[in-house]
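Quick notes on the structure that follows.
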Amino acid sequence: MIGIRIHGRGGQGAVTASRLLADASFRDGKFSQAIPMYGTERRGAPLVAYVRIDDVRVRERELVHEPDVVIVLDPLLSKEQSVASGLKKGGLLILNSKLPPEKVEIAGDIKIATVDATKIALETLKRPITNTAILGAFSKSVGYPTMESIEKSIRKQFPGRVGEMNIAAIHRSYEEVTPVVQATHTEPVVEESDIAVGGYGVLKDVSSWRVFTPIIDLDKCTGCRSCWLFCPETAIQWKDDRPEIEYHKCKGCGICVEECPVKCIAFERVVV
Amino acid sequence: MVGNKATATAVKLARVQVASAFPVTPQTTITEYLSDMVANGELDAEFVNVEGELSSHVVVQAASRVGARTFVCTSGPGQLYMHHPMHQTSDNRLPVVMATVHRGNKGMMPDHTDLMSQLWTGWMQFYVEHNQEALDTCLMSYKIAEDERVRLPIAFGYDGYVLSYTAEPVEIPDQKDVDDWLPPYKAMPSILPDEVLPENLGGRWDRSDPQKRWQEHHEAIVNAKDVIVEVNESYGKKFGRSYGNGLTEEYRTEGAEAVLVAMGSLTGTARAAIDRLRDDGLNVGLVKLRCFLPFPKEDFQEIGKKVGAIGMIDRNVCLGHGGAAYTQIRNAIYDLEERPSVLEFIAGMGGKEVRVDDIYKIGKKTLKAAKSGGVSTSTEWV
Ligand code: SF4
Ligand code: SF4
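Sequence order for the protein chains is E and A.
The first sequence lines up with residues 1046 to 1317 when you count with our numbering.
The second sequence lines up with residues 8 to 389 when you count with our numbering.
Right, here's the structure in full:
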């Protein structure tokens, strides 16, 4: 049996990724189980999902505490030592990262492969939803499930054009994932932090959730208050008849960008 | 497929005619799957949207009374809100089938408090282990509930999140086979005497002995055991899957000195723990308690004769009493001349994770009690 843990953020499709993996493995003749961990359903909040793949029916219901493989869908989470916690000795970490695995600072007696899944997702799906864009990397580095089965599972999950776009994404990640290498660091370089910044409440700093940052061009702003009204995080304050973003509250959902009638809010990719 | 999809699929296969439910996490997606199935013509049924669980229950109660095959589902607080009309459904002996997607009442995560709180409503109760069993139990429930010898509503429960949202392989029987095995519901004449109809559907009859309907109702549930065993067997013949004798299922009990008893999804984790105990040479077996109401007293008397200790893992607690199944098992074995020890473990309340390791330890403790004898009355919170 192998156990897999998937880290992502609400909206990146970690749960869908877990189900696609389980479904594709079942198509390959294995038994599987996909467990989502639901916390508060809030777009952007860090969350995890688990998968077990085995030759016999999986019976236990506990979470996967010592995974063989960890997948990280989010580029910022990919820099956290915490994502490797519990990973078995010699286990594999598949990261959504621009960095080659040798440059990754996550330490341990583990192996690492990286793929720039955000870039692939933006180019194939036009959105930073990285769940399918990492599955091809998984298939390549682990050796299963087969790409045929993943394709079938994707077509079932997303019929039509969306499915074909996702299939393009898995093929790119299959091609672009780096070889698996032993982690460079054995002792932690970055401190292990609590990555479970979940839950409600605007007091928490959620700036690390952003893939994109909204920036208001106040010269063009008409003061219509649409952004202020629609921001789900009350991150936009009203000062001197103009909007002002409190960035520690902004999770980068882009709703303000969509809502602004004069399109004066730019949305810039966070540099990682 | 996830547990909620397995349930919705069974509802479709059973060709339910009227379904009603109010969405409540973690049951919500059943209502979504069913609405989709009705909208796209896969399921020829009325799905009645309502403003709350009292209404959803009354809708299926009325529909069942006029002869429709019905389905209702809920979770946690919704189940508690539905409590009152449940009494009437069972009192009128209507074969309504309900799925309870367990959610505790001290938070969102699962334990069995929601369905256990309905013990006095006169419904039969099943607790299932995995998504396949949810599908199979839903189909079996119609066959049992609609049997002329039974005529009682059934609720089957499965742990929210743990099963409702976990995806795993489920085999879907052929519609043709299901149609063969489960013919359309033929409405039975009302169980109420003629003179109370139609003015007073739920009314009191036989004023000379108001207690009689309680006795009949109680006996009907107790006697349903035979039908449950029968239906489980015939399901097995038709579809190749059955669950023990329908009431309980034994796992690796051969030569066991002690057994653990589990309900619902904890059973799966317990199986893995038993395998480890057996690998380590410890003779501990497992009994899955599948049908809680009627309580399979005789099964536990048989088991009680063979082992030195029984460790019950309850995912519920009747506050001030203890685990509901623990109490029943102790009651059942009291009739034996030589009684095994019965140990009480409360686990998984409020969705607390139960690990294979936890159950391994429970197994060791129970085995120790079997060897040393003596009665333990303390409760262990795992
Ligand atoms: S992106 Fe805009 S709408 Fe979204 S949280 Fe930030 S400020 Fe609010
Ligand atoms: S929606 Fe655009 S124009 Fe309106 S207040 Fe916000 S930034 Fe200004």
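Quick reminder that beta carbons are idealized off the backbone N, C-alpha and C, glycines included.
All values derive from a computational prediction rather than experimental measurement.
For a test of your reading of the model: does the CB of V1226/E fall under 6 Å from any non-hydrogen atom of ligand 2? Yes or no. No, the beta carbon of V1226/E sits no closer than 6 Å to any heavy atom of ligand 2.
Three-state secondary structure (DSSP) of D287/A: Here D287/A sits in coil by DSSP.
Compute the beta-carbon to beta-carbon distance between E1237/E and Q1126/E, rounded to the nearest angstrom, for a pair I have assumed lies under 8 Å. At roughly 5 Å, the Cβ-Cβ gap stays under 8 Å, so E1237/E and Q1126/E are in contact.
Should R1270/E be listed as close to ligand 2, given that the test is whether its C-beta is under 6 Å from any heavy atom? It does: the Cβ of R1270/E is within 6 Å (strictly closer) of some heavy atom of ligand 2.
Assuming G357/A contacts D118/A (C-beta within less than 8 Å), just tell me the rounded distance between them. G357/A to D118/A, Cβ: 6 Å. Contact.
For chain A, check one thing: does any of its Cβ atoms lie closer than 7 Å to the Cβ of P1081/E? At least one C-beta of chain A is nearer than 7 Å to the C-beta of P1081/E.
Tell me, please, which residues DSSP counts as bridged to D166/A. Beta-bridge pairing links D166/A to H109/A.
With 7 Å as the threshold, decide whether the Cβ of A1311/E is near any Cβ in chain A. Residue contact check for A1311/E against chain A: no CB pair falls below 7 Å.
Within 7 Å, strictly: CB atoms of I443/A and S148/A: There is no way to answer for residue 443/A, as the model of chain A reaches only from 8 to 389.
Suppose the cutoff is 7 Å on Cβ atoms and the five residues either side in sequence are ignored; what does the same chain contact list for M93/A look like? The answer, listed in chain order, is H64, Q125, T128 and W130.
Determine, using beta carbons only, whether Y250/A comes closer than 7 Å to chain E. Y250/A does not count as touching chain E.
Taking Cβ positions only, does A377/A come closer than 7 Å to chain E? Not one beta carbon of chain E lies nearer than 7 Å to the beta carbon of A377/A.
Excluding the five sequence neighbours on either side, which residues of its own chain have a C-beta within less than 6 Å of the C-beta of F1257/E, listed in chain order? Correct list, in chain order: G1297, F1312 and R1314.
Out of curiosity, what's the CA-to-CA distance linking A1182/E and V1234/E? Looking at the two C-alpha atoms, the distance is approximately 26 Å.
DSSP state of Q308/A, grouped into three classes? Three-state result, Q308/A: helix.
To which residues does DSSP link L1137/E through a beta bridge? Partner(s): V1114/E and K1156/E.
Measuring CB to CB, does L284/A end up less than 7 Å from Y258/A? Against a cut-off of 7 Å, the Cβ pair of Y258/A and L284/A comes out as no contact.
Mind checking if Y172/A is an interface residue toward chain E, Cβ cutoff 7 Å exclusive? Chain E contact via Cβ: present.
Straight-line CA distance for I235/A to F133/A? Rounded to the nearest angstrom, the two C-alpha atoms are 11 Å apart.
Touch test, the region 1054-1071 of chain E against the region 320-339 of chain A, Cβ-Cβ under 8 Å, three pairs minimum: The region 1054-1071 of chain E is not in contact with the region 320-339 of chain A.
Would you decide whether K1171/E is buried or exposed? Buried here means 16 or more other CB atoms lie within 10 Å of its CB. With fewer than 16 other Cβ atoms within 10 Å, it is exposed.
Is there a Cβ from chain A that is less than 7 Å from the Cβ of A1158/E? Nearest CB-CB separation between A1158/E and chain A: not below the 7 Å threshold.
Use the C-beta contact count for S1142/E: other C-beta atoms within 10 angstroms, 16 or more gives buried, fewer gives exposed. S1142/E should be labelled buried.
Can you list the residues of chain E that T276/A reaches, using a CB-CB cut of under 9 Å? When 9 Å is used as the limit between beta carbons, T276/A is near these residues of chain E: R1104, E1105, R1106 and E1107, in chain order.
DSSP three-state call for E360/A: helix, strand or coil? Of the three classes helix, strand and coil, the one that applies to E360/A here is coil, per DSSP.
Is any non-hydrogen atom of ligand 1 found closer than 6 Å to the C-beta of A1280/E, if you look at the structure I gave you? With a cut-off of 6 Å, the C-beta of A1280/E is classified as near ligand 1, since at least one heavy atom of the ligand falls inside that distance.
Bounding residues of the alpha helix (DSSP H) (the contiguous stretch that carries Q222/A): Membership of Q222/A in the alpha helix (DSSP H) is indicated by the continuous run K219 to F246.
Is it buried or exposed for W1283/E, if we count other Cβ within 10 angstroms and need 16 for buried? Taking all protein chains shown into account, W1283/E has fewer than 16 neighbouring C-beta atoms within 10 Å of its C-beta and is therefore exposed.
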